[in-house]
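Worksheet: one structure, shown below.
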Amino acid sequence: MTLPPFHLAFPVRDLESSRRFYGELLGCAEGRSSDRWIDFDFHGHQIVAHMVDVADGLESTPPGEDAGSNAVDGHDVPVPHFGLVLPWQDWHELADRLRADGTTFVIEPYLRFEGLPGEQATMFLLDPSGNALEFKSFKDPARLFAT
30 MTLPPFHLAF
40 PVRDLESSRR
50 FYGELLGCAE
60 GRSSDRWIDF
70 DFHGHQIVAH
80 MVDVADGLES
90 TPPGEDAGSN
100 AVDGHDVPVP
110 HFGLVLPWQD
120 WHELADRLRA
130 DGTTFVIEPY
140 LRFEGLPGEQ
150 ATMFLLDPSG
160 NALEFKSFKD
170 PARLFAT
């Protein structure tokens, strides 16, 4: 079954740091852009970084901060967050690239739910504007929705 791509628009403080993070570090091709937003190809999905001014409230309530968290497997998972489920090898290559770049992780790369049906590799990080992202991978992709 082929699923349609999703679209996600999210606030950022600075387009150039977003361009470096999503374009260069994460390897997302850039699509259309203006002086206020940038489209990125997020593994076949369209994400759009929209510049939000301090006057619009971004400075007082930055994305990813003070939004809360949920305890999962002994970690405080930031809410809200978005990300991708990657093939096993791609996840490990991204984790290595992020570490080499000096990324500060909210939750360091690790294996979660080990030995259970939903066993997965996961990591959480923030983009330059404080938006939380999760990248995960399943050794058995068929177990994505396993209970």
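Numbering (the working numbering), first residue to last: 30 to 176.
For each residue, glycine too, the CB sits at the ideal point set by N, CA and C.
For H36 and T151, the gap between their C-alpha atoms comes out near 22 Å. Between the beta-carbon of D130 and that of L55 there is about 10 Å, and that puts the pair past the 8 Å contact cut.
For the pair of segments examined, the region 111-119 was found not to touch the region 131-143: the number of CB pairs separated by less than 8 Å stays below three.
For M80, the closest of F167, G144, S158 by C-alpha to C-alpha distance is S158. Residue burial is scored here from C-beta neighbours: V108 has fewer than 16 other C-beta atoms within 10 angstroms and is therefore classed as exposed. For E122, the enclosing alpha helix (DSSP H) covers residues 117-129. For L140, the uninterrupted beta strand (DSSP E) segment begins and ends at 134-141. Residue range 44-47 is occupied by the alpha helix (DSSP H) that includes E45.
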